[in-house]
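3 is the number of the first residue of the sequence shown in the working numbering; add one for each residue after it.
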Amino acid sequence: MKRMRMWLREMTLIQQLAAIIVLFVALLTMFVLVFLGPAIDKFSEAEMYRILHSTQSEFVKSYEEYGFKPIGNSQTVVINAIYSMETDEIKNVSGPELSEPLKNHIKENARILMSGSYDYKYPDKDNVAAKETFLYTITRMEDGNHMVSVMADDYRMEFRNSLTNGLVWMNILFVTGLFVIMLLWVTTLIFPLSQIKAYITKLKNDDEKAVLNVDRRDEIGEVANALSEMAERLAQENREKQEMIQNISHDLKTPIATIKSYGESIKDGIYPYDTLEKSVDVIIEHADRLEKKVKSLIILNKMGYLLDDCPPGETLSMNKVIDKAILSLKVVRPEVRFIVESDEEVFFHGDEEPWRITVENLIDNALRYAKSYIKITLKPGELCVINDGVLIPDDFRKKLFSPYEKGSGGQFGLGLSIVYRVVLTYGYRVEAENLTEGVCFRIWREIGRNRQKKKTRHASSDAGGD
3 MKRMRMWLRE MTLIQQLAAI IVLFVALLTM FVLVFLGPAI DKFSEAEMYR
53 ILHSTQSEFV KSYEEYGFKP IGNSQTVVIN AIYSMETDEI KNVSGPELSE
103 PLKNHIKENA RILMSGSYDY KYPDKDNVAA KETFLYTITR MEDGNHMVSV
153 MADDYRMEFR NSLTNGLVWM NILFVTGLFV IMLLWVTTLI FPLSQIKAYI
203 TKLKNDDEKA VLNVDRRDEI GEVANALSEM AERLAQENRE KQEMIQNISH
253 DLKTPIATIK SYGESIKDGI YPYDTLEKSV DVIIEHADRL EKKVKSLIIL
303 NKMGYLLDDC PPGETLSMNK VIDKAILSLK VVRPEVRFIV ESDEEVFFHG
353 DEEPWRITVE NLIDNALRYA KSYIKITLKP GELCVINDGV LIPDDFRKKL
403 FSPYEKGSGG QFGLGLSIVY RVVLTYGYRV EAENLTEGVC FRIWREIGRN
453 RQKKKTRHAS SDAGGD
């Protein structure tokens, strides 16, 4: 069985089709030989006896009206005769003379038949040496004579062969038509599959002209569409990766060049920024910037491999996470007022550290744009961080959560990308909304989102990157 499966896997679709047709023909032949052949034999024999009964009925009717009138050796399929028990003779009414063994067989059965009619076959099991086979019917008349109608089995065989040939040809035409239909069907499968194969080969060779045009609505069409979408997504990710590498190189280059040039100047006894202390402060500032940049890159890479291996359910207290995040960041801009509206205890799904990084990034982003306050609302399945800063342009909102997309006051363009990866890993969603005054970053589960849509007038569609 294992070898059979391996053999089938190595076959092409055309070879599989041919194997199916051969198997079908073999099963059909077996069916004809084992089941249909005996059935045809029985049917043909029953049909011959029906002809005998019909002919004998006419013969009996003519005998009752006109008496015995021999027709002679006429060319007829059915031989009609009369057997008289008194004289023990069989007289032909129509057809050729019967052989003596057949006459004796008819006489033996006629003496037993006392009334009605009965069908017989010669030779029977006791007489297998006869060269010819006959079917006959005996009917006992009211005057004591027996009406006999005989037919050679050759006619039954001709009828049987004609019927069998008709069925065989019908099956051949059916199989041929089925093969043509299946061949056309397989061809319609092979052509788009060949297109998909050629498309994948072009993608593998980085051919920018690779285009896949498969106009189908079935599973193959779905695969082709999914493949095209995947290729577009990969191309977009490659572009984003190249842009990110360029941006990282540029952002790392500036602080490194500053630190190097300031260090070399101080070594030569020159203070680039007025005094030694101020020049060293510049070096420390750029080192802090460089450290923060590297830390963000490490976190982004780490969150890319983040797995949801937490126990099912909401077990993390988000109230504590928010309190810790506010405590660490409120000193950045002491003039900004924090407003927290939260249910008594709200739990989210996930680990504390990724969620704390997420909340800190959202608050840090809000601190850069807030004018006077930051409002944090927390309820089951939903977290909102709102600031009263400038609105986000609609075209930028679509790519807000992509790596290295920086707003007008952004630093590295990595914070919101980290937020998106954490939220997505734990089964939540995130979007940015422009309110009447300010911007709201909302994290929610679907059930929470459906409830919120009924309460908030300024809900918007998903931001890009989701």
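For every residue, glycine included, the Cβ atom is placed at its ideal position computed from N, Cα and C.
As the structure is a computational prediction, the values presented were derived from the model and not from experiment.
Sort the options by Cα distance to residue i and report the nearest one.
{"i": "L393", "options": "Y422, C442, L380", "result": "C442"}
{"i": "E435", "options": "I388, V424, S404, S419", "result": "I388"}
{"i": "H351", "options": "I222, L299, Y430", "result": "Y430"}
{"i": "L115", "options": "D345, P194, R142", "result": "R142"}
{"i": "K326", "options": "C312, S298, N363, K295", "result": "N363"}
{"i": "N303", "options": "F349, T260, N207, M246", "result": "M246"}
{"i": "V188", "options": "D290, K211, I22, R358", "result": "I22"}
{"i": "T427", "options": "L309, C386, I365, G383", "result": "L309"}
{"i": "D390", "options": "S101, K401, K377, G383", "result": "K377"}
{"i": "K401", "options": "A259, V432, P382, P336", "result": "V432"}
{"i": "E144", "options": "K381, S86, R335", "result": "S86"}
{"i": "N167", "options": "T277, I359, T89, V34", "result": "V34"}
{"i": "I183", "options": "L19, I445, E88, M13", "result": "L19"}
{"i": "G383", "options": "I445, I359, R335", "result": "I445"}
What residue range is occupied by the uninterrupted beta strand (DSSP E) comprising residue i?
{"i": "A200", "result": "Not the beta strand (DSSP E): A200 falls in the alpha helix (DSSP H), residues 155-206."}
{"i": "Y476", "result": "Nothing can be reported for residue 476, as the shown portion of the chain is limited to 3 through 468."}
{"i": "I23", "result": "No beta strand (DSSP E) contains I23, which is instead part of the alpha helix (DSSP H) from 15-33."}
{"i": "I84", "result": "80-86"}
{"i": "E343", "result": "339-344"}
{"i": "R399", "result": "Unbroken run through R399 is the alpha helix (DSSP H), 396-399; no beta strand (DSSP E)."}
{"i": "N389", "result": "384-389"}
{"i": "R447", "result": "Run containing R447: none; DSSP gives neither H nor E here."}
{"i": "A434", "result": "431-436"}
{"i": "L393", "result": "Counting along the chain, L393 falls outside any beta strand (DSSP E), and DSSP gives it neither H nor E."}
With a Cβ-Cβ cutoff of 9 Å, do residue i and residue j count as a contact?
{"i": "S46", "j": "L165", "result": "yes"}
{"i": "M149", "j": "F61", "result": "yes"}
{"i": "L191", "j": "L15", "result": "yes"}
{"i": "T379", "j": "V323", "result": "no"}
{"i": "Y124", "j": "I108", "result": "yes"}
{"i": "A226", "j": "V216", "result": "yes"}
{"i": "V93", "j": "I84", "result": "A quick correction: the sequence has Lys, not Val, at residue 93. For K93 and I84, yes; Cβs fall inside 9 Å."}
{"i": "N367", "j": "E347", "result": "no"}
{"i": "L229", "j": "Y201", "result": "yes"}
{"i": "L420", "j": "I365", "result": "The question names Leu, but residue 420 in the sequence shown is Ile. No, the pair does not count as a contact, with Cβ atoms beyond the cut-off."}
{"i": "V361", "j": "L385", "result": "yes"}
{"i": "A372", "j": "G440", "result": "yes"}
{"i": "K295", "j": "L254", "result": "yes"}
Alpha carbon to alpha carbon, what distance is there between residue j and residue i?
{"i": "S59", "j": "E134", "result": "25 Å"}
{"i": "D468", "j": "D209", "result": "Any answer about D468 is weak, because its pLDDT of 32 lies below 50 and its placement is not dependable; what the coordinates show is given next. Those two C-alpha atoms are separated by around 29 Å."}
{"i": "M232", "j": "F398", "result": "23 Å"}
{"i": "G412", "j": "I301", "result": "Caution is warranted here: a pLDDT of 48 is assigned to G412, below 50, making its placement in the model unreliable, and the coordinate value is therefore given only provisionally. The straight-line gap from Cα to Cα measures roughly 18 Å."}
{"i": "R219", "j": "F161", "result": "51 Å"}
{"i": "I53", "j": "S119", "result": "14 Å"}
{"i": "A461", "j": "Y422", "result": "At A461, the pLDDT of 30 sits below 50, so the modelled position is not reliable and the matter cannot be decided from this model."}
{"i": "L292", "j": "T256", "result": "9 Å"}
{"i": "Q238", "j": "R370", "result": "29 Å"}
{"i": "V27", "j": "L38", "result": "14 Å"}
{"i": "S281", "j": "S298", "result": "26 Å"}
{"i": "E355", "j": "I222", "result": "44 Å"}
{"i": "R447", "j": "I272", "result": "58 Å"}
{"i": "E102", "j": "V24", "result": "51 Å"}
{"i": "W171", "j": "M159", "result": "18 Å"}
{"i": "N163", "j": "V95", "result": "30 Å"}
{"i": "P313", "j": "S319", "result": "14 Å"}
{"i": "N147", "j": "E91", "result": "10 Å"}
{"i": "D353", "j": "S344", "result": "20 Å"}
{"i": "H288", "j": "I268", "result": "16 Å"}
{"i": "Q244", "j": "K206", "result": "18 Å"}
{"i": "E110", "j": "D155", "result": "20 Å"}
{"i": "V333", "j": "E224", "result": "54 Å"}
Taking residue i as part of the alpha helix (DSSP H), name the residues at either end of that continuous run.
{"i": "T141", "result": "Element bounds for T141: not the alpha helix (DSSP H) but the beta strand (DSSP E), 136-142."}
{"i": "A327", "result": "320-331"}
{"i": "T427", "result": "417-427"}
{"i": "R102", "result": "Arg is not the amino acid found at residue 102; the sequence shown has Glu there. Where E102 is concerned, the enclosing alpha helix (DSSP H) stretches over 102-114."}
Is the CB of residue i under 9 Å away from at least one CB in chain C?
{"i": "A327", "result": "The chain labelled as chain C is not found in the depicted structure, where only one protein chain is given."}
Q | Every unbroken alpha helix (DSSP H) inside the stretch 38-72 [4 residues or more] | A | Fully contained in the stretch 38-72 are the following alpha helix (DSSP H) runs of length 4 or more, in chain order: 39-68.
Q. Considering only residues of the stretch 214-281, which uninterrupted alpha helix (DSSP H) runs meet the minimum length of 4 residues and lie entirely inside it, listed in chain order?
A. Restricted to the stretch 214-281, the alpha helix (DSSP H) segments that are unbroken, complete and at least 4 residues in length are 221-269, listed in chain order.
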